[in-house]
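Heads up, the thing below is written out as structure tokens.
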Ligand code: GCB
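Numbering (our numbering), first residue to last: 1 to 579.
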């Protein structure tokens, strides 16, 4: 699915803004639902409409808006494109069902050509539901089930399994696009290096019988061009590589022509770089790189899970301020705007599939099908971003502990998703985030390129004992070294309440958080098998209500309103050399 763009053959209007809202808890309403409230899109309904009683609303709701279909859209394919919904959506246009989105955090489209009348207003109604499902790859639970399970004695409210809020709404921009009837549907760009020359291969899914021509330029100068059908290769002499310190982006222009008629034009940024491993090292363009950074969330006050551009800009600024070079899109694909920013500014991204806390007592054939589909869709969306160097296929599968994890289904399931991901993209590294309760005998490590672990030693165990936590971590790392692969710690950290201090090791103080992170970084950054360490989390973030969380998860080194805690100053000094 291509990014929305305006070119010689394509146009769009944005339909973000204020939409009508009507909750439909019992599924009684339809696309003509009478609206009870208004809310902003992109935006989660929860905090926006908290005073009206929707903070903890889990269920379906109708979101509607009218849009004027421009006259010049006439004769073209008219398509609605949604950046994402939390979590699923059914789209109606002028009362007719037009499309659906079943994969959370990923874009979906609805072709409305047959109902949209250029020069007239069209009514869009979307039934959005933030209900989770038992066969989802972030499995949902009913409150009843949750109470039955021993491992879940303390339930979250609203009921959800992962440690982040189950926000509902349309979370990314919505566009009404005019596309050419015969067009380029998808592009896949891959680059390979041979000495200082590069090969850029461009594969496009496009209209039958048409000829594709490609032109690659750098700073306005054409450096390579070619013509063909389906697939072509462009040779670039003395290629300028994409790297964090010099994120060079080439401009690729693709034109589709049939019988002398220009059918379609699309543009795409291209970065030329390689990513590999050698023993315990991660190599970017052949040189070892240590990943310093964070797990994050798309989370902010009031907007909830929605793309909030000012906050996005701020977050990239915060990461740069402390000297981070990378982040993981924990625990789901982030907005395309985030990846484009990372491409432009040389930030390395570990793109995570939206799978959190798989429960191997519960995984079904449907779960596996959903996981495959999510991998396919996320790769299709993100595969042309040079910033994306690695896919993380699941966060903390088998999180309930050793017994669950050692079930034969677990090994089989993980082997299958790794094999599927590798068959789709062999140009990037694969990893996952192993949960500490499962231990280090994880069969998924056989399939991954990078051994990924999440560890809270000195927090969830050995509480308040930093040295003990470090000693335990060292033991685990030494054992994991035997895999002969790079190890990355995708999560480690401690909660800190902004403003709390102590003269001794006291959990939840800013001082403890700083000392905890510093001691663990001393270990990770000097361990011969470790190639990356990501702190959990860049900022405090909203979770469902739970006795372990005081309003938010406070493991951010910045607060939810982006104020620095002491750890942030330590990191800035350590990673960027600035006091
Ligand atoms: C984890 C999870 C993350 C949680 C974190 C915590 O292991 O991957 O989603 O927020 O721990 O703070 O407990």
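Virtual Cβ for every residue (Gly too), placed ideally from N, Cα, C.
None of the values given here were measured: they were computed from a predicted structure.
>> For residue 257, list the residues DSSP reports as bridge partners.
In response: Bridge partners of residue 257: 211 and 262.
>> Just to confirm the assignment, what range does the alpha helix (DSSP H) spanning residue 310 have?
In response: For residue 310, the enclosing alpha helix (DSSP H) covers residues 309-322.
> Is any heavy atom in the ligand GCB found nearer than 7 Å to the beta carbon of residue 199?
Replying inline: No heavy atom of the ligand GCB is found nearer than 7 Å to the CB of residue 199.
> Just curious, the alpha helix (DSSP H) that residue 23 is in, first and last residue?
Replying inline: Where residue 23 is concerned, there is no enclosing alpha helix (DSSP H), although the beta strand (DSSP E) it sits in stretches over 17-23.
> For residue 8 versus residue 265, is the C-beta distance shorter than 8 Å?
Replying inline: Yes; because the gap between Cβ atoms is below 8 Å, this pair is in contact.
>> Rounded to whole angstroms, what is the Cα-Cα separation between residue 510 and residue 127?
In response: Those two C-alpha atoms are separated by around 43 Å.
> Which residues share a DSSP beta bridge with residue 176?
Replying inline: Looking at the DSSP assignment, residue 176 forms a beta bridge with 13 and 80.
>> In this structure, how does DSSP classify residue 424 when only helix, strand and coil are distinguished?
In response: Note: residue 424 maps to helix in three-state DSSP.
>> In the DSSP output, which residue or residues are listed as bridge partners for residue 115?
In response: Paired residue(s): none; residue 115 is not in a bridge.
>> Any heavy atom of the ligand NAP closer than 7 Å to the beta-carbon of residue 497?
In response: The ligand NAP is absent from the structure shown, which contains only the ligand GCB.
> Exposed or buried, which one is residue 352 when buried takes at least 16 other CB atoms within 10 Å?
Replying inline: When all chains shown are included, residue 352 counts as buried.
>> Just to check my reading of the structure: residue 179 and residue 311 have Cβ atoms closer than 8 Å, yes? What is that Cβ distance to the nearest angstrom?
In response: Contact doesn't hold; Cβ gap of about 31 Å is too wide.
> Would DSSP call residue 370 helix, strand or coil?
Replying inline: Three-state DSSP puts residue 370 in a helix.
>> Let me confirm a value: residue 478 is counted as buried when at least 16 other C-beta atoms fall within 10 Å, else exposed. Which label applies?
In response: Exposed: under 16 other Cβ atoms inside 10 Å.
>> Tell me the residue span of the beta strand (DSSP E) that contains residue 392.
In response: Residue 392 -> beta strand (DSSP E) spans 388-395.
> Considering only residues of the same chain and omitting the five flanking positions on each side of residue 348, which have a CB-CB separation below 7 Å?
Replying inline: 244, 291, 325, 326, 387 and 389, listed in sequence order.
>> Measuring only the C-alpha atoms, how far is residue 561 from residue 549?
In response: Going from the Cα of residue 561 to the Cα of residue 549 covers about 17 Å.
> Who are the near neighbours of residue 32 in its chain, counting only those whose CB is closer than 8 Å to its CB and skipping five residues on each side?
Replying inline: The beta carbon of residue 32 sits closer than 8 Å to those of 95 and 125, all from its chain and outside the five residues before and after it, given in chain order.
> Secondary structure at residue 497, three-state DSSP: helix, strand or coil?
Replying inline: Three-state result, residue 497: coil.
> Cβ-heavy atom distance between residue 166 and the ligand GCB below 7 Å?
Replying inline: Distances taken from the Cβ of residue 166 to the heavy atoms of the ligand GCB include none shorter than 7 Å.
> Is it buried or exposed for residue 428, if we count other Cβ within 10 angstroms and need 16 for buried?
Replying inline: By the C-beta density criterion, residue 428 is buried, having at least 16 other C-beta atoms within 10 angstroms.
>> Here's the rule I'm using: 16 or more other beta-carbon atoms within 10 Å means buried, otherwise exposed. How should residue 547 be labelled?
In response: If you draw a 10 Å sphere on the C-beta of residue 547, you find fewer than 16 other C-beta atoms in it, and that means exposed.
> Three-state secondary structure (DSSP) at residue 624?
Replying inline: Residue numbering for the chain in the displayed model covers 1 to 579; residue 624 lies beyond these limits and cannot be assessed.
> Is residue 55 helix, strand or coil by DSSP?
Replying inline: Coil at residue 55, not helix or strand.
>> Quick check on the DSSP output: the alpha helix (DSSP H) that includes residue 97 runs from which residue to which?
In response: Unbroken run through residue 97 is the beta strand (DSSP E), 96-101; no alpha helix (DSSP H).
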